[in-house]
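Visitor:
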Amino acid sequence: MGLGLLSRDFFDRPAHEVAPELLGRVLVHGEVSVRLTEVEAYGLPGEDPASHTYRGQTPRNSVMFGPPGHLYVYFTYGMHYCANIVCLPEGHGSAVLLRAGEIVSGLDVARARRNGARDRDLARGPARLAVALGWGREDNGLDMIGKVLDGSPPASVLAGPRTGISTGADTPWRFWIEGDPTVSPYRAHVPRRRG
DNA sequence: GTGCAGATACACT
DNA sequence: GTGTATCTGCACG
1 MGLGLLSRDF
11 FDRPAHEVAP
21 ELLGRVLVHG
31 EVSVRLTEVE
41 AYGLPGEDPA
51 SHTYRGQTPR
61 NSVMFGPPGH
71 LYVYFTYGMH
81 YCANIVCLPE
91 GHGSAVLLRA
101 GEIVSGLDVA
111 RARRNGARDR
121 DLARGPARLA
131 VALGWGREDN
141 GLDMIGKVLD
151 GSPPASVLAG
161 PRTGISTGAD
171 TPWRFWIEGD
181 PTVSPYRAHV
191 PRRRG
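Read left to right, the first sequence gives residues 1 to 195 (the numbering used here).
1. Under 8 angstroms Cβ to Cβ from Arg60, same chain only, skipping five residues before and after it: list those, please.
2. Pull up the distance between the alpha-carbon of Met132 and that of Ala123, whole angstroms please.
3. Check whether the segment 175-186 touches the segment 100-120, taking contact to mean three or more Cβ pairs, one atom from each stretch, closer than 8 angstroms.
4. If we count Cβ pairs, one from each stretch, closer than 8 angstroms, do we get three or more for the segment 23-38 versus the segment 137-151?
5. How would you write the range of the alpha helix (DSSP H) that Arg60 sits in, first residue to last?
6. Note down, one range per segment and in chain order, each beta strand (DSSP E) of at least 3 residues found wholly within the segment 98-176.
7. If you draw a straight line from the C-alpha of Phe10 to the C-alpha of Ile145, how long is it?
8. If Gly168 and Asp48 are in contact, beta carbons under 8 angstroms, what's the gap, nearest whole angstrom?
9. Which same chain residues end up closer than 7 angstroms to Val109 when comparing Cβ atoms and leaving out the 5 residues on each side of it in sequence?
10. Just to confirm, are Trp173 and Arg162 a CB contact at a threshold of 8 angstroms?
11. Whole angstroms are fine: how far does the CA of Arg114 sit from the CA of Leu23?
12. Just grab the DSSP bridge partners of Ala83 for me.
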């Protein structure tokens, strides 16, 4: 298991290069640590229609235009938080969404936050991962340098289309560890009907 | 295991 | 006003 920390240079690259190399590495936040098993890359303004930065900088996505290695936390569906790590130098607007992981430290704290969930489901899905780690609005912009542990690469990494998005779904920028039980099930985007 | 329906608040058009 | 990088609970097999 890794003892080293990832440097800022690690994130100073395109998100689709950073994303697969994050798999198997460990995020530390307070008492809880998570080994990443599933991530997605989101690209540049004007290039990736699924990215929050596709239409340029807004107050919400401004952290994505900041320096690499910082945490971009956003609120969605009226009740969920999701977290990304910013890639590329300041001014670009790209990040890796943290989709799922395995709790490797602070299991009791994570269980309490995810009341009643089975261990494999504690961080299975981006909103669940944010809850397990205790991330919220106040962590938007948090510098993750020093909180991402180096580690040995997973045995096998697969790539496929991204999850739950209506555009850009054909780009294979979702990466996961083959056979890992904590990888979230794929769901195609389902537009919500008005009542 | 699969497949819906509904909840919910915010950013952006 | 419209759409959302989701989750939970329930049905069914």
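Cβ atoms here follow ideal geometry from the backbone N, Cα and C, with glycine treated the same way.
Given the structure is predicted, the values throughout are model-derived calculations rather than measurements.
Guide: Reading off the structure:
1. On the first sequence, position 60 is the one that residue 60 refers to. Excluding sequence neighbours, Arg60 sits near His52 and Tyr74.
2. Counting from one through the first sequence, the residue named residue 132 turns up at place 132. Counting from one through the first sequence, the residue named residue 123 turns up at place 123. With the sequence shown as reference, residue 132 is identified as Ala, and Met is not the correct amino acid for it. Spanning the two alpha carbons is a distance of roughly 6 angstroms.
3. The count of Cβ pairs closer than 8 angstroms, one atom from the segment 175-186 and one from the segment 100-120, reaches three, so the stretches are in contact.
4. Contact check between the segment 23-38 and the segment 137-151: three or more CB pairs, one atom from each, fall below 8 angstroms, which counts as touching.
5. Counted from its first residue, the first sequence places residue 60 at position 60. Here Arg60 belongs to no alpha helix (DSSP H), and DSSP marks it neither H nor E.
6. If we require 3 residues or more, the beta strand (DSSP E) runs fully inside the segment 98-176 come out as 157-160.
7. The residue you call residue 10 lines up with position 10 of the first sequence. The residue you call residue 145 lines up with position 145 of the first sequence. As the crow flies, the alpha-carbon of Phe10 is around 10 angstroms from that of Ile145.
8. On the first sequence, residue 168 is found 168 positions in, with the first residue counted as 1. On the first sequence, residue 48 is found 48 positions in, with the first residue counted as 1. The Cβ separation is near 6 angstroms, so the contact holds.
9. The count along the first sequence starts at 1 and reaches residue 109 at position 109. Excluding the 5 residues flanking it on each side, Val109 has same chain C-beta neighbours closer than 7 angstroms at Glu31 and Val32, in chain order.
10. Taking the first sequence and counting its residues from 1, one reaches residue 173 at position 173. Taking the first sequence and counting its residues from 1, one reaches residue 162 at position 162. It is a contact, given that the beta carbons lie within the stated cut-off.
11. Locating residue 23 in the first sequence gives position 23, counting from the first residue. Locating residue 114 in the first sequence gives position 114, counting from the first residue. Rounded to whole angstroms, Leu23 to Arg114 spans 23 angstroms at the Cα level.
12. Numbered from its first residue, the first sequence carries residue 83 at position 83. Checking the DSSP bridge columns, you'll see Ala83 partnered with Val73.
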